[in-house]
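Here the structure is laid out as structure tokens; the discussion comes afterwards.
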Ligand SMILES: Cc1cc2nc3c(=O)[nH]c(=O)nc-3n(C[C@H](O)[C@H](O)[C@H](O)COP(=O)(O)OP(=O)(O)OC[C@H]3O[C@@H](n4cnc5c(N)ncnc54)[C@H](O)[C@@H]3O)c2cc1C
Ligand code: SF4
Ligand code: SF4
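Protein chains in written order, with the working numbering: chain A, 6 to 460; chain B, 117 to 506.
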């Protein structure tokens with residue numbers, strides 16, 4: 006079948022306006038804002054319904070055309086750029102908030118709902134509820150975030166965002182629709198089990214197992230007040246102990262350790278960014294008092310910030326994208342990784358060395374997940390998109406960081422192809438066989454984002 | 117765009133991260149980039165456009181009809197400038213799109229419909245984008261008994277002079293009632309439509325001509341009743357190197373000033389519920405938000421209500437940037453969304469202070485049978501008894 010015929014089939018499904026192989030669409034969708042090289046895209050399609058997704062997948066299957074689901078496309082590691090050409094399926098027209106269940110506290114949304122959309126919807130209509138969401142720009146999808154084991158608000162208390170998925174509706178690689186989680190048999194999308202938990206098949210799968218069309222994510226109570234209690238840490242080795250002590254209490258809602266050169270007060274220190282919430286100022290004050298004591302005991306220094314910094318740190322989501330302009334250049338990418346808490350001091354030091362080696366200002370954050378059971382450690386490398394050497398430096402820094410993380414016993418997160426390769430090299434052979442077998446069964450024609458997780 | 121600014125944008129455009137803040141209102145409540153909301157491909161977001169332009173600059177992409185089409189499918193509403201978080205360059209976003217359109221024109225990729233704007237504007241019998249025979253405004257001067265020289269020039273603008281004459285006449289009547297010493301000039305188009313569409317070749321001449329006319333009229337102040345003219349005279353002409361020392365006012369600024377100085381008084385009541393649509397050229401591009409609202413609130417009897425998206429977050433009417441001529445149906449669709457929003461306020465009057473917004477909002481009002489009275493604020497004032505206090 007010629008490209009024109011494929012396009013015309015796609016147009017029949019979604020309408021002429023939402024299927025394209027114009028050079029301009031192909032150009033834009035062949036790259037993401039990270040440091041990956043552009044790769045070929047043949048078609049871009051924007052379905053609105055699950056039936057349309059099914060039909061697209063059936064055509065892709067019939068014609069053996071690769072298909073890559075994309076939400077906000079802001080993972081930065083090239084995950085939505087096809088490796089073997091084919092169709093990029095942009096989910097953002099599937100943008101309905103289907104249900105907010107206030108009692109069982111979940112949101113059932115379509116896959117293309119952006120974080121901005123749900124945050125604003127809840128702020129306006131359900132001010133006592135909050136969703137888990139990342140510090141990414143508001144144009145990312147919550148499905149994309151949860152599906153990649155994202156983390157962010159509420160992760161310290163309740164775990165990473167993949168663990169907050171109650172259920173999924175997925176178009177499988179053969180075009181059939183499947184529901185996983187309690188929704189497989191109940192009209193309530195309120196929990197994952199107690200049936201064999203297949204949700205995990207689709208998380209961090211990068212679209213290789215199917216296309217998620219609906220997702221139910223947990224919502225959480227939203228206390229009226231929120232504040233940040235900053236601590237300065239001089240000795241990195243004290244971090245695990247401090248975090249253990251802090252997370253043994255119920256106080257931190259979110260907890261991060263950051264390393265940055267700017268603002269000036271952050272230079273030379275690791276900064277503890279601890280978020281507290283409460284329903285009264287008294288509650289916040291008493292929590293702050295306890296924290297100050299704990300900081301002192303653990304050799305960290307409490308620091309009061311000038312008011313303008315409170316605004317910056319308390320904004321939700323934070324304007325983390327500012328790192329893209331650190332080198333006046335429209336780009337940054339980070340190695341995010343999951344690391345055991347005890348390895349954080351070493352990771353901070355090593356990533357700082359890598360930054361300095363490549364002449365990039367060290368910028369890092371360690372986000373404590375689920376009371377320290379896991380830490381999302383991110384080392385970010387800004388680059389100037391107009392300077393190819395600068396981009397190459399960032400690529401090298403990212404690669405060395407991936408290697409460093411694996412050496413420390415951690416796992417690179419939402420990894421680009423090169424990082425996936427490093428992970429696969431270290432993987433238990435039987436894990437690889439299991440993964441390969443499952444994929445072969447689900448996707449015999451290998452159409453779902455091929456090139457990723459090539460075990 | 118001046119040479120200096122041109123240098124700037126080519127060095128800056130790669131700094132767009134394609135993060136997409138620019139698609140939204142400030143609270144992410146809705147997509148507020150009309151182009152992205154319609155087309156939905158990333159290509160049609162601000163970031164998409166900037167990346168395409170950068171692709172052209174660094175040779176990864178070639179000009180094509182479709183690429184030009186993407187660049188022109190944008191009413192230059194400025195929502196992106198308001199919501200892009202990168203304050204080192206967000207103020208340049210629309211300038212960059214317009215500069216790229218100028219490149220498209222140079223390379224021969226200006227879409228046909230938009231080309232007509234230039235042809236008509238340049239035509240010495242017209243000097244306006246509507247293709248109407250040029251009015252030297254002498255008849256109007258006679259009709260309203262206006263002097264040849266005066267303190268103020270009312271620069272009517274093409275839309276008011278050729279399409280929204282009621283707005284023009286209401287403005288003249290107001291100025292008379294308020295005892296303003298003003299006159300009219302033989303205008304050439306201010307060049308807003310051709311600037312927005314990148315067809316900038318006649319701008320310098322037209323601008324110089326208009327400035328000379330204003331100076332010849334002995335005026336130290338110019339008044340415009342069009343948000344587009346206002347922005348163009350006050351901001352864009354300067355970018356093109358204009359040097360003038362007259363002051364530029366929008367009618368509504370003058371009304372407000374006269375009310376402040378107690379030089380006029382509104383004597384009658386207007387017992388209606390009004391909402392106000394911020395024209396992009398006056399709001400986001402010039403930062404004028406309070407003045408029209410202040411005037412509305414000073415009209416006795418008015419019940420003023422805001423639409424959900426207002427001021428910096430206003431939803432564009434869809435007419436600007438060459439969209440009305442290039443994509444007439446879509447332009448009206450965009451206004452249709454504004455009317456839906458206005459409906460929720462319970463207002464019966466949808467007001468604005470721009471003849472171009474008025475035209476497009478009225479077109480949508482008719483097309484979708486929305487039942488509003490779409491009026492310029494000056495037309496509302498025209499219905500009221502206004503007393504000059506001197
Ligand atoms: C400035 C900045 C800050 C960030 N901060 C954070 C942060 O604090 N926490 C965090 O977790 N992340 C963060 N990120 C990373 C990332 O942007 C977010 O995790 C984001 O939510 C990913 O969503 P997306 O819609 O952009 O996903 P995409 O990039 O579109 O997709 C991610 C992956 O999921 C797959 N996918 C997407 N949709 C579907 C679907 N419907 N079905 C199947 N597969 C699908 C894609 O193929 C891809 O492999 C940040 C990114 C930036 C640029
Ligand atoms: S214009 Fe600004 S907000 Fe929009 S994508 Fe570019 S950098 Fe982001
Ligand atoms: S000017 Fe308006 S329509 Fe054009 S890109 Fe910016 S926000 Fe979108």
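Beta carbons: idealized from backbone N, C-alpha and C, even for Gly.
Query, Result
"Listed by chain order, chain B residues near residue 390/A by CB distance under 7 Å", "130"
"For residue 124/B, the three-state DSSP class (helix, strand or coil)", "helix"
"Rounded distance between the beta-carbons of residue 331/A and residue 366/A, thought under 8 Å", "7 Å"
"Residue 396/B Cβ short of 6 Å to ligand 2 heavy atom set", "no"
"Residues of the segment 352–379 of chain B whose Cβ lies closer than 8 Å to any Cβ of chain A, in chain order", "none"
"Interface flag, residue 482/B vs chain A, CB-CB below 7 Å", "no"
"Interface flag, residue 133/B vs chain A, CB-CB below 7 Å", "yes"
"Cβ of residue 26/A within 7 Å of any chain B Cβ", "no"
"Residue-chain proximity (residue 183/B, chain A), Cβ-Cβ < 7 Å", "yes"
"Cut-off 6 Å between Cβ atoms - residues of its own chain near residue 218/B, not counting five sequence neighbours on either side", "314 and 316"
"Three-state secondary structure assigned by DSSP to residue 302/B", "coil"
"Cβ of residue 143/A within 7 Å of any chain B Cβ", "yes"
"7 Å CB neighbourhood of residue 305/B in its chain, flanking five on each side removed", "237, 243, 244, 245, 274 and 322"
"Test: residue 356/A CB closer than 7 Å to a CB of chain B", "no"
"C-beta neighbour in chain B for residue 98/A, strict 7 Å", "yes"
"Chain-ordered chain A contacts of residue 143/B [CB-CB under 8 Å]", "125 and 128"
"Assigned secondary structure, residue 353/B (DSSP; H/G/I helix, E/B strand, else coil)", "helix"
"Residue of 170/B, 165/B and 301/B minimising C-alpha distance to residue 250/B", "301/B"
"Outcome for residue 458/B when other beta-carbon atoms lying within 10 angstroms are tallied against a minimum of 16", "buried"
"Neighbour list for residue 224/A in chain B, Cβ cutoff strictly below 8 Å", "Result: empty, since nearest Cβ-Cβ is about 17 Å, beyond 8 Å."
"Buried/exposed call for residue 202/A, threshold 16 Cβ in 10 Å", "exposed"
"Beta-carbon proximity check, residue 338/B vs residue 327/B, cutoff 7 Å", "no"
"Where residue 307/B falls: helix, strand or coil (DSSP)", "coil"
"6 Å CB neighbourhood of residue 117/B in its chain, flanking five on each side removed", "Low local confidence applies: a pLDDT of 43 at residue 117/B is under 50, so the model's placement there is unreliable, with the coordinate-based value given in what follows. Correct list, in chain order: 215."
"N-terminal and C-terminal residue of the beta strand (DSSP E) that residue 165/A is part of", "Careful: residue 165/A lies outside any beta strand (DSSP E) and carries neither H nor E."
"Closest by C-alpha distance to residue 432/B, when choosing among 464/B, 472/B and 411/B", "472/B"
"Close Cβ partners of residue 333/A (< 7 Å) along its chain, the five nearest in sequence each way excluded", "389"
"Alpha helix (DSSP H) segments (min. 4 residues) lying fully within the segment 180–266 of chain B", "181–188, 195–199, 209–222, 228–238 and 254–259"
"Under 7 Å by beta carbon: chain B residues contacting residue 122/A", "144"
"Pairwise C-alpha distance: residue 164/A and residue 425/A", "23 Å"
"Opening and closing residue of the beta strand (DSSP E) in which residue 75/A lies", "72–75"
"Start and end residues, alpha helix (DSSP H) containing residue 122/A", "120–130"
"Cβ shell of residue 265/B (< 6 Å), same chain only, five flanking positions each side left out", "333 and 334"
"Where residue 222/A falls, given that 16 or more other Cβ within 10 Å makes a residue buried", "buried"
"Option nearest residue 115/A by Cα separation, candidates 173/A, 433/A, 377/A and 391/A", "173/A"
"Heavy atom of ligand 2 within 6 Å of residue 356/B beta-carbon", "no"
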